[in-house]
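Data first, discussion second: the structure below is written as structure tokens.
Number of protein chains: 2
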Amino acid sequence: MGEDALVARLVELVPRDSDPLAGPGDDCAVIDSGSGELLLLKTDAMVAGVHFLPETPAEAVGWKAVARVVSDFAAMGGKPRHFLVTLAVSAGTPLEWADGLYRGIGRCLRTHHSVLAGGETSRVPEGSAAVISISATGSVTRERLTLRSTAKPGDVLLVTGTMGGSLLTGKHLDFSPRLKEADWLVSNFKPTAMMDISDGLAKDLPRLALASGCGFVLDRASLPVTAGCDMAQALGDGEDFELLMSMEPAKQLDLLRAWQAAFPDVPLSVIGRMVGAGQGEQLSGGWDHFGGCP
Amino acid sequence: MGEDALVARLVELVPRDSDPLAGPGDDCAVIDSGSGELLLLKTDAMVAGVHFLPETPAEAVGWKAVARVVSDFAAMGGKPRHFLVTLAVSAGTPLEWADGLYRGIGRCLRTHHSVLAGGETSRVPEGSAAVISISATGSVTRERLTLRSTAKPGDVLLVTGTMGGSLLTGKHLDFSPRLKEADWLVSNFKPTAMMDISDGLAKDLPRLALASGCGFVLDRASLPVTAGCDMAQALGDGEDFELLMSMEPAKQLDLLRAWQAAFPDVPLSVIGRMVGAGQGEQLSGGWDHFGGCP
């Protein structure tokens, strides 16, 4: 059973909010607490031997752990606020490693104007993999909130940056979440839907389409493939941490022109379009914790 | 290095909120978002082989994972709201185990009028311990908020329930967090300070005293020791998940009388008093992930 099917099965066993936005399904949960801003909630874990290697510098692990979560807030049009850090490590873990991890966490929090609100340390049995679990709140105004479930047939599909090779190039460890790009987008050319690409376009584009009740057509020739990578890597590697969005086609030309002026170093590429449900193409592959990589 | 010293060292490496209540140090972080109610944040992890055994029924593990967090909200005078569940398990974990875990999580959420807002599943390498990390929001009004750092010299110290033997009796798996008792307390006899006892009175009472800038005197003869346990177990076993509180001495008699009428089945015991900083006694022991149990 793949990860999405497992999650869908498990969440059926627990009570959820009457507001579906306040439950699982998007990059973050969206809680309307009645005040001006909406509360965003996100949790994300990194496991030694799965998301990072024993030889990965601890500071890079800490940066990545926070940056992954910041990327999710960006994808909602929001901003990160308060972070909780859980560190589960064996008793023999060198103190220097924990120090390095928290230095990386601290650097990423500072860069994104966020703070530590709490956390926990726990022991794992000797020989067990270290787990770093990050939970965080974010905030977004109702006007800026951008879901993954609101794309419409006819919308064009765009991605920031390039796809593939995140592990090969080391980008997965030192990427900058697209927070200012997303902020600019929702201010100037609000996407009809948006999410971040964490498990590969092959996994995440079908998720956006399914959530929106649409199909999609991918223009492979226009896909911004990372130099040195092939199409399979661009679609399946994952950990790109780029933004995937849908946009009304009438805005496309103005957007591309304004984007180039605002972010001359960051590619923005039209990669396809949304079509009606049951139409378009299928994609398979991408990162799946339990289904395995193809 | 013990757990508290480790945490103190690590949090120095990261940015924190200008409001110390919104940072580490109490049962929950307290965020004042400017609306009527304060936002509470908590994260807590359970590790296979540390917090539960392979043969523990999965549903009991799920109940305990949520109940531990509910206990922290209770200790602040607050209520649990939205939960995020991270499950990191090896790919070979039986689906029935995950189902059972989420059934237990669901049962505890329903019991405490809370909901799942999201979460994550991740793989750990084969042979690594499963980790269940729970993060949650809670809410509390400003008037009801009860910290661990506001006890005063002269206050009496009280605990609910009995101390010790949580592992022996199985209480650690099926305890009911003291949510309604805490609710009643803050409504009728608001403690000057409160926290839940998760690592044993020997660990948690000094934490309350240190946070409050006080000393304490413990009246061992009055300690409500669980039947079949001795004093060392009552002080050091941990996972009692009872409330430890300080109270103005003038309220003591009225409180004890009213409590007995409200909760005839739950002992409430005066176990000592707060004294000035540098006075009173020292306690050592209790559960420590990294310092080890005495």
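Chains as they are written, first to last, in the numbering used here: chain V, 3 to 296; chain F, 3 to 296.
Note that the Cβ used here is the ideal one computed from N, Cα and C, for glycine as well.
Quantities reported herein were computed from a predicted structural model and do not represent experimental measurements.
DSSP puts Arg105 of chain F in a beta bridge; with which residues?
-> Along the second sequence, read from residue 1 onward, the residue named residue 105 of chain F stands at position 103. Per DSSP, Arg105 of chain F has no beta bridge partner at all.
Taking Phe300 of chain F as part of the beta strand (DSSP E), name the residues at either end of that continuous run.
-> Nothing about residue 300 of chain F can be read from this structure; chain F reaches only from 3 to 296.
For Ser124 of chain V, which residues of its own chain have a beta-carbon under 6 angstroms away from its beta-carbon, when the five flanking residues on both sides are left out?
-> By 1-based counting over the first sequence, the position of residue 124 of chain V is 122. Taking Ser124 of chain V as the centre and dropping the five residues before and after it, the same chain places the C-beta of Ala90 closer than 6 angstroms to its C-beta, in chain order.
Is Leu15 of chain F helix, strand or coil when you go by DSSP?
-> Indexing the second sequence from 1 puts residue 15 of chain F at position 13. Look at Leu15 of chain F here: in three-state DSSP terms it is coil, with no helix or strand label.
Could you work out which residue in F:Ile107, F:Thr143, F:Leu170 is closest to Asp232 of chain F when comparing CA atoms only?
-> Position 230 of the second sequence holds residue 232 of chain F. The residue among F:Ile107, F:Thr143, F:Leu170 with its C-alpha nearest the C-alpha of Asp232 of chain F is F:Leu170.
Simplified DSSP state of Leu285 of chain F, which is helix, strand or coil = Start at 1 with the first residue of the second sequence, and residue 285 of chain F comes out as number 283. Secondary structure at Leu285 of chain F: coil, using DSSP grouped into helix, strand and coil.
With distances taken from CA atoms, which of V:Phe75, V:Gly79, V:Met48, V:Met78 is nearest Gly64 of chain V?
-> Position 62 of the first sequence, counted from the first residue, corresponds to residue 64 of chain V. Nearest neighbour of Gly64 of chain V by Cα position, chosen from V:Phe75, V:Gly79, V:Met48, V:Met78, turns out to be V:Met48.
Would you please verify whether the beta carbon of His174 of chain F is less than 8 angstroms from any beta carbon of chain V?
-> Here residue 174 of chain F is taken as the residue at index 172 of the second sequence, counted from 1. No, no contact with chain V.
Close beta carbons around Val272 of chain F, own chain, < 8 angstroms, minus the five adjacent residues each side | For this step, residue 272 of chain F is matched to residue 270 along the second sequence. If we look at Val272 of chain F and ignore the five residues flanking it on each side, its Cβ neighbours are Val158, Leu159, Leu160, Asp221, Ser224, Gln254, Leu258.
Residue range of the unbroken alpha helix (DSSP H) whose run includes Thr171 of chain V | The residue you call residue 171 of chain V lines up with position 169 of the first sequence. It spans 168-171 - the alpha helix (DSSP H) in which Thr171 of chain V sits, taken as one unbroken run.
Report the neighbours of Leu86 of chain V on chain F: residues whose CB is nearer than 7 angstroms to its CB, in chain order.
-> On the first sequence, residue 86 of chain V is found 84 positions in, with the first residue counted as 1. Neighbours of Leu86 of chain V in chain F, taken as residues at a C-beta separation under 7 angstroms, are given in chain order as Leu43, Thr45, Ser137.
Along the alpha helix (DSSP H) that carries Val188 of chain V, what are the first and last residues, could you check?
-> Residue mapping note: residue 188 of chain V aligns to position 186 of the first sequence, counting from 1. Looking at the DSSP string, the run of the alpha helix (DSSP H) that includes Val188 of chain V is 181-190.
Run the CB neighbour count on Ala50 of chain V, radius 10 Å, all protein chains shown included, and call it buried at 16 or more, exposed below.
-> Here residue 50 of chain V corresponds to residue number 48 of the first sequence, with the count starting at 1. Ala50 of chain V comes out buried.
Under 7 angstroms between beta-carbons, which chain F residues line up against Arg18 of chain V? List them in chain order, please.
-> Against the first sequence, residue 18 of chain V aligns to sequence position 16. Among the residues of chain F, those whose CB is under 7 angstroms from the CB of Arg18 of chain V are Val117, Leu118, following chain order.
From the beta carbon of His291 of chain F, is the nearest beta carbon of chain V less than 8 angstroms away?
-> To locate residue 291 of chain F, count along the second sequence from 1; it is residue 289. Chain V contact via Cβ: present.
Taking only runs that begin and end inside the segment 239-277 of chain V, name each unbroken alpha helix (DSSP H) of 4 or more residues, in chain order.
-> Restricted to the segment 239-277 of chain V, the alpha helix (DSSP H) segments that are unbroken, complete and at least 4 residues in length are 254-264, listed in chain order.
Can you have a look at Met3 of chain V and say buried or exposed, based on whether 16 or more other CB atoms are within 10 angstroms of its CB?
-> The residue you call residue 3 of chain V lines up with position 1 of the first sequence. Per the 10 Å Cβ criterion, exposed.
Flag Pro96 of chain F as yes if its beta-carbon sits less than 8 angstroms from any beta-carbon of chain V, otherwise no.
-> Within the second sequence, the letter at position 94 stands for residue 96 of chain F. No, its Cβ sits nowhere closer than 8 angstroms to a Cβ of chain V.
Locate the alpha helix (DSSP H) running through Leu210 of chain V, then write down its first and last residues.
-> Indexing the first sequence from 1 puts residue 210 of chain V at position 208. Segment 203-214, the alpha helix (DSSP H) holding Leu210 of chain V.
Taking buried to mean at least 16 other C-beta atoms within 10 Å of its own C-beta, is Gln284 of chain V buried or exposed?
-> Indexing the first sequence from 1 puts residue 284 of chain V at position 282. That one is exposed.
Any Cβ of chain V within less than 8 angstroms of the Cβ of Glu5 of chain F?
-> For this step, residue 5 of chain F is matched to residue 3 along the second sequence. Chain V, which has a Cβ nearer than 8 angstroms to the Cβ of Glu5 of chain F, makes this yes.
C-alpha distance - Ser383 of chain V paired with Pro155 of chain V, whole-angstrom precision = Nothing about residue 383 of chain V can be reported from this structure: the residues present for chain V run from 3 to 296 only.
According to DSSP, is Leu237 of chain F helix, strand or coil?
-> By 1-based counting over the second sequence, the position of residue 237 of chain F is 235. Helix at Leu237 of chain F.
Along chain F, which residues have their Cβ under 8 angstroms away from the Cβ of Asp101 of chain V?
-> For the purposes of this step, residue 101 of chain V is taken as residue 99 along the first sequence, with counting starting at 1. Listed along the chain, the chain F residues whose CB falls inside 8 angstroms of the CB of Asp101 of chain V are Arg11, Leu12, Leu15.
Within 10 angstroms of its Cβ, does Asp219 of chain F collect 16 or more other Cβ (buried), or is it exposed?
-> Counting from 1 along the second sequence, the entry for residue 219 of chain F is found at position 217. The sequence shown places Val at residue 219 of chain F, rather than the Asp named in the question. By the 10 Å Cβ count, Val219 of chain F comes out exposed.
When DSSP labels each residue in this structure, what does Ser224 of chain V get in the three-state scheme?
-> By one-based count along the first sequence, residue 224 of chain V stands at place 222. The answer is helix: DSSP assigns Ser224 of chain V an H, G or I state.
Using 10 angstroms around the beta-carbon of Thr164 of chain F, count the other beta-carbons present and answer buried if the total reaches 16, otherwise exposed.
-> Looking up residue 164 of chain F in the second sequence gives position 162. The residue in question, Thr164 of chain F, is buried, as its Cβ has 16 or more Cβ neighbours within 10 Å.
Met247 of chain F and Ala211 of chain F: beta carbons closer than 8 angstroms?
-> Taking the first residue of the second sequence as 1, we reach residue 247 of chain F at position 245. Taking the first residue of the second sequence as 1, we reach residue 211 of chain F at position 209. Not a contact, by the Cβ cut-off of 8 angstroms.
Would a check of beta-carbon distances place Val126 of chain F closer than 8 angstroms to chain V?
-> One-based indexing of the second sequence puts residue 126 of chain F at position 124. For Val126 of chain F, the answer is yes, since a Cβ of chain V falls inside 8 angstroms of its Cβ.
Taking just the CA atoms, how far does Pro127 of chain F sit from Leu187 of chain V?
-> Start at 1 with the first residue of the first sequence, and residue 187 of chain V comes out as number 185. Start at 1 with the first residue of the second sequence, and residue 127 of chain F comes out as number 125. Approximately 39 angstroms between the Cα atoms of the pair.
By how many angstroms is the C-alpha of Leu181 of chain V removed from the C-alpha of Arg112 of chain F?
-> Locating residue 112 of chain F in the second sequence gives position 110, where the first residue counts as 1. Locating residue 181 of chain V in the first sequence gives position 179, where the first residue counts as 1. Going by the C-alpha atoms only, they are around 36 angstroms apart.
Pull up the distance between the alpha-carbon of Pro241 of chain V and that of Glu122 of chain F, whole angstroms please.
-> Taking the first residue of the first sequence as 1, we reach residue 241 of chain V at position 239. Taking the first residue of the second sequence as 1, we reach residue 122 of chain F at position 120. It should be noted that the sequence gives Glu, not Pro, for residue 241 of chain V. Straight through space, the alpha carbons of Glu122 of chain F and Glu241 of chain V are spaced by roughly 16 angstroms.
Look up Pro22 of chain F in the DSSP assignment and say whether it is helix, strand or coil.
-> Taking the second sequence and counting its residues from 1, the one referred to as residue 22 of chain F is at position 20. Pro22 of chain F falls in the helix class under three-state DSSP.
Close Cβ partners of Trp99 of chain F (< 7 angstroms) along its chain, the five nearest in sequence each way excluded | Residue 99 of chain F sits at position 97 when you count from the first residue of the second sequence. Cβ-Cβ distances below 7 angstroms link Trp99 of chain F to Ala60 in the same chain, with the five nearest sequence neighbours on each side left out; the list follows chain order.
Residue-level contact to chain F via CB, Glu283 of chain V, 8 angstroms cutoff | Translated into positions along the first sequence, residue 283 of chain V becomes position 281. No, its Cβ sits nowhere closer than 8 angstroms to a Cβ of chain F.
Given Glu57 of chain V, which residues of its chain have a CB within under 6 angstroms of its CB, disregarding the five upstream and five downstream residues?
-> For the purposes of this step, residue 57 of chain V is taken as residue 55 along the first sequence, with counting starting at 1. Nothing meets the Cβ criterion.
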